[in-house]
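If you read the sequences in order, they're chains A and B. Under our numbering, the first residue of the first sequence is numbered 1, with each subsequent residue one higher. Under our numbering, the first residue of the second sequence is numbered 1001, with each subsequent residue one higher. Below is one structure; the comments refer to it alone.
Number of protein chains: 2
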Amino acid sequence: MADALPTSPLARPFPELKPMAGVRFGATAAGIRYAGRTDLVMAEFAPGTTVAGVFTRSKCPGAPVDWCRAALAGGVARALVVNAGNANVFTGRAGYEATQANAADAARLAQCAASEVFLASTGVIGEVLPYRKISDALPGLYATLSEDGWEDAARGIMTTDTFPKGAVRETTIGGTKVRIQGIAKGSGMIAPDMATMLAFVVTDAALPAPVLQALLSRGTEKSFNCTTVDSDTSTSDMVLLFATAKAGNPKVADAQDPALAEFTQALDSLLLELALLVVRDGEGATKMMHIRVTGATSDESAKRVAMAIANSPLVKTAIAGEDANWGRVVMAVGKSGEPANRDTLSVGIGGTWIANNGTVVAGYDEAPVVAHMKGREIEIDVDLGLANGIGQAWTCDLTHGYIDINGSYRS
Amino acid sequence: MADALPTSPLARPFPELKPMAGVRFGATAAGIRYAGRTDLVMAEFAPGTTVAGVFTRSKCPGAPVDWCRAALAGGVARALVVNAGNANVFTGRAGYEATQANAADAARLAQCAASEVFLASTGVIGEVLPYRKISDALPGLYATLSEDGWEDAARGIMTTDTFPKGAVRETTIGGTKVRIQGIAKGSGMIAPDMATMLAFVVTDAALPAPVLQALLSRGTEKSFNCTTVDSDTSTSDMVLLFATAKAGNPKVADAQDPALAEFTQALDSLLLELALLVVRDGEGATKMMHIRVTGATSDESAKRVAMAIANSPLVKTAIAGEDANWGRVVMAVGKSGEPANRDTLSVGIGGTWIANNGTVVAGYDEAPVVAHMKGREIEIDVDLGLANGIGQAWTCDLTHGYIDINGSYRS
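So this is what it looks like as structure tokens:
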């Protein structure tokens, strides 16, 4: 049914993802749920590839999340297998057995240990994964893996997504050129808490797993974890970062090493781009919202206020209706539970301050705000006027499209 | 625009609210926002009436909430003035002056202190309340106050409500017959945190203000605070409970007095009825959902899990689509942040257990669940299998109607 949805009006074209030494991707149609499209993706990594991961904080995670958490202890990755259409969540012992079987299948092909295989599944929750279809399809898929398979992979992991998502950065470590490329999927059940939905990022840099993990954890906190589509945290959220070590950069032993400054900035920027691509494909989205909060008692507090605004159905429906209903922003600040004082609070939309210190700005002219609301990118500013904490969040509007998609997902 | 909305399919007829000694109600059209309907309500209470109140925990409460919080210190009420269409929220000094002026107006008419007047406003946020329209209308309104004015009052306080809401209980205190009657309004921006939207309850019992307050605080925790429409907490939430002392019941000095057992039960039951009437008028609602959680580590934890399910847009849209998508219930349990263990978790819908101890029940037959989903009242059961904590929540489904209403509220 994903193919039946019209492409999001906020979509971005897929970027040119060039071959990267040490990783090959491919996709095939295993017939897990969708007809007439690819739904199984595999990647093989060169020996010596390190890996970092962040996962959903859900108390009911999927079997593949459990598998990856355990596998991550080794810090080494040789293969990745991802299916779309069935999340392998809440499937009990059958779910665990499916992950064991498919990891063993991939390990045989890539000639590695099963614990060096990473697995991800998204789609319907509570139905047993037909893992034999995956076992049957993997050998053929493995034979087709290619350094040019990035876009095929980005398409093969989609569920209700309406466009494939990718991003690339070129940067340096200690003077050596390195590249970071990633793909992501996600459209609904998006309220990342630690990580969101699926994103797979690969760099050709040589970085030890603990360094990679530190960079990824910090980077997702400022990107995926600042986005929301519908406040619902998925059971299958996962961001994996692989480093193939083919770039030949100097050794780095510590995430704080100044040699990583440029790389860290590039990684953060790529993670944010991927996260925003997911928001751009938010179910039913017609407008992108960027909420900036300043003047909070701390950065954490500012982020929580920004997320309260981003998660408010009343703010999101107002934006969908192109209504500059700033009173609902005030409501959302008030309900966040964070320190706020009505009488020092200011609200702006599209660069125009509408309310200042607890009341509407004298002579407020709604015209430029009304014009801004008609656009695709909506900017909301809130200044709490308390201290210097800043934070931001991104989301999309809430429209009839969301109801359409989610009232009949399984049918 | 409230009048333009079709009546909720979950509506209940307004009950017969008989005259109650010590209180007179009335409503009039003050032209605050809506054309062709009443929008200003007044009540006068007999001397000796005590009062209790619970209010929104929003950090950006409306000026009338501030006013009532201060007035409540006296424990005495002689008048109530409520307007619909303008919330007098985020209106700065002008908002404060409006409450002062209208309280003084009502005090002159009721011949009482301004601090014995209670005020409530709901409607648009951030627009200055045209309080002179209220000042001008109050004398004429006061002249029409009547013991039969209950339903007029219930209609006059409506905003996006599609039906007036009232409830009545007859009970006894120490052998003396007493009555409790209440009215409420509310439809959107419903995620009570302490209290919700507006509800005004009157009893003819004689009860000191501290006793009344203890009963009300306990009662709202089990009723209004277990309901949600859209997870958005209003800036204007307020439940006031007045006791006119006309019933002649024996003196009661303590909320724990066994003489109050029957009264407490009646009050709790009435508060829950009013709260559920608000849910039945949830914006766009077509189905009522009742979520029961058992087996939690505590009652508080069970309630938070129930509310996480009730606030999940994905659960609510699935219910709207008559899709028994129990996987989304699992997702919501997982995201609640409360102690849960996938492998002891069970989920049921409409009395049929679908999943047990972390996996789907062997031979699960969806037919009775599918039939249940077509009804107006949806029952969801979750057993966490950890301990003995229980809790519940009520909400409505999320439909196109919600988007319609909230994409154009101000236009």
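Every residue, glycine too, gets a C-beta built ideally from N, C-alpha and C.
Assigned secondary structure, residue i (DSSP; H/G/I helix, E/B strand, else coil)
i, result
"B/Ser1312", "coil"
"A/Asp437", "Because chain A spans 1 through 411 in this model, residue 437 of chain A falls outside it and cannot be assessed."
"B/Met1194", "Bear in mind that the predicted position of B/Met1194 carries a pLDDT of just 46, short of 50, making it unreliable; the figure below should be weighed with that in mind. Coil at B/Met1194, not helix or strand."
"A/Gln265", "helix"
"A/Ala243", "strand"
"A/Glu170", "strand"
"B/Thr1297", "coil"
"A/Lys303", "helix"
"A/Lys287", "coil"
"B/Pro1015", "coil"
"A/Val279", "helix"
"A/Gly26", "strand"
"B/Thr1220", "helix"
"A/Lys133", "helix"
"A/Gly123", "strand"
"B/Ala1255", "coil"
"B/Ala1043", "strand"
"A/Asp3", "Note on A/Asp3: pLDDT 45, under 50, position unreliable in the model; the coordinate value appears next. Looking at A/Asp3 - three-state DSSP - the assignment turns out to be helix."
Chain-ordered chain B contacts of residue i [CB-CB under 7 Å]
i, result
"A/Trp326", "Gly1126"
"A/His372", "None at all; the shortest Cβ gap to chain B is about 16 Å."
"A/Val360", "Gly1126"
"A/Ser298", "Simply none; closest approach about 15 Å."
"A/Ala355", "Phe1090, Gly1126"
"A/Ser269", "Correct list: empty, because the minimum Cβ distance to chain B is about 28 Å."
"A/Thr412", "With chain A covering 1 to 411 only, the question about residue 412 of chain A has no answer from this structure."
"A/Thr203", "What A/Thr203 touches in chain B: nothing, since even the nearest Cβ is about 31 Å away."
Contacts that residue i makes with chain A (C-beta to C-beta distance below 7 Å)
i, result
"B/Met1189", "Leu314, Met331"
"B/Ser1121", "By Cβ distance, chain A contributes nothing, its closest Cβ being about 13 Å from B/Ser1121, past 7 Å."
"B/Thr1399", "Ile403"
"B/Thr1395", "Result: empty, since nearest Cβ-Cβ is about 12 Å, beyond 7 Å."
Amino acids of chain A, ordered along the chain, whose beta-carbon sits closer than 8 Å to that of residue i
i, result
"B/Val1178", "Per Cβ cutoff of 8 Å: no residues; B/Val1178 is ~36 Å from chain A at best."
"B/Ala1320", "Ile403, Gly407"
"B/Thr1235", "Val330, Met331, Gly334"
"B/Ser1231", "Ser231, Asn311, Ser312, Pro313"
"B/Thr1028", "Within chain A, no residue comes near B/Thr1028; the closest Cβ sits about 26 Å away, beyond 8 Å."
Proximal chain B residues relative to residue i, where beta-carbon distance stays under 8 Å
i, result
"A/Arg434", "No information on residue 434 of chain A is available, as it lies outside the stretch 1 to 411 that chain A covers here."
"A/Leu345", "Cys1060, Phe1090"
"A/Gly375", "What A/Gly375 touches in chain B: nothing, since even the nearest Cβ is about 16 Å away."
"A/Ala94", "Thr1359"
"A/Thr227", "Near A/Thr227 there are no residues of chain B at all, since even the closest Cβ is about 15 Å away, more than 8 Å."
"A/Thr99", "The premise fails here: A/Thr99 is roughly 14 Å from chain B at the closest Cβ pair, so nothing lies under 8 Å."
Per DSSP, cross-strand counterpart(s) of residue i
i, result
"B/Met1189", "Its beta-bridge partners do not exist; DSSP assigns none."
"A/Arg292", "A/Asp381, A/Gln392"
"B/Thr1203", "B/Ile1180, B/Ala1243"
"A/Thr227", "A/Trp394"
"B/Met1238", "B/Phe1055, B/Leu1198"
"A/Ser8", "None, per the DSSP bridge assignment."
Chain-ordered neighbours of residue i on chain B, where CB pairs are closer than 9 Å
i, result
"A/Lys165", "In chain order: nothing, as chain B lies at least about 21 Å away."
"A/Ser223", "Those within 9 Å of A/Ser223 in chain B number zero; the least Cβ separation is about 19 Å."
"A/Lys303", "Those within 9 Å of A/Lys303 in chain B number zero; the least Cβ separation is about 16 Å."
"A/Gly31", "Those do not exist, as A/Gly31 stays about 21 Å from chain B at its closest Cβ, beyond 9 Å."
Under 9 Å from the C-beta of residue i: neighbouring residues of chain A
i, result
"B/Ser1008", "In chain order: nothing, as chain A lies at least about 17 Å away."
"B/Leu1005", "By Cβ distance, chain A contributes nothing, its closest Cβ being about 15 Å from B/Leu1005, past 9 Å."
Contiguous beta strand (DSSP E) assignments of at least 3 residues, all confined to the stretch 1045–1118 of chain B: Listed in chain order, they are 1050–1055, 1079–1086.
Touch test, the stretch 1365–1380 of chain B against the stretch 1346–1354 of chain B, Cβ-Cβ under 8 Å, three pairs minimum: Yes, they touch.
Runs of beta strand (DSSP E) lying entirely within the stretch 331–391 of chain A, each at least 3 residues, in chain order: 346–349, 352–356, 377–383
Cβ contact check for the stretch 369–389 of chain A and the stretch 1371–1389 of chain B: 3 or more pairs under 8 Å: Because the criterion of three Cβ pairs below 8 Å is not met, the stretch 369–389 of chain A and the stretch 1371–1389 of chain B do not touch.
The stretch 10–25 of chain A in contact with the stretch 121–128 of chain A per 3-pair CB rule at 8 Å: Fewer than three pairs of CB atoms, one per stretch, sit closer than 8 Å, so the stretch 10–25 of chain A makes no contact with the stretch 121–128 of chain A.
The stretch 58–65 of chain A / the stretch 1334–1342 of chain B touching (three or more Cβ pairs under 8 Å): Counting Cβ pairs under 8 Å, three or more are found: they touch.
At least 3 beta-carbon pairs within less than 8 Å: the stretch 244–258 of chain A vs the stretch 197–217 of chain A: yes
Touching by the beta-carbon criterion (3+ pairs, under 8 Å), the stretch 1162–1179 of chain B and the stretch 1037–1056 of chain B: no
Contact the stretch 1274–1283 of chain B vs the stretch 1221–1230 of chain B: 3+ CB pairs below 8 Å: yes
The stretch 1257–1269 of chain B touching the stretch 1294–1303 of chain B, judged by at least three CB pairs closer than 8 Å: no
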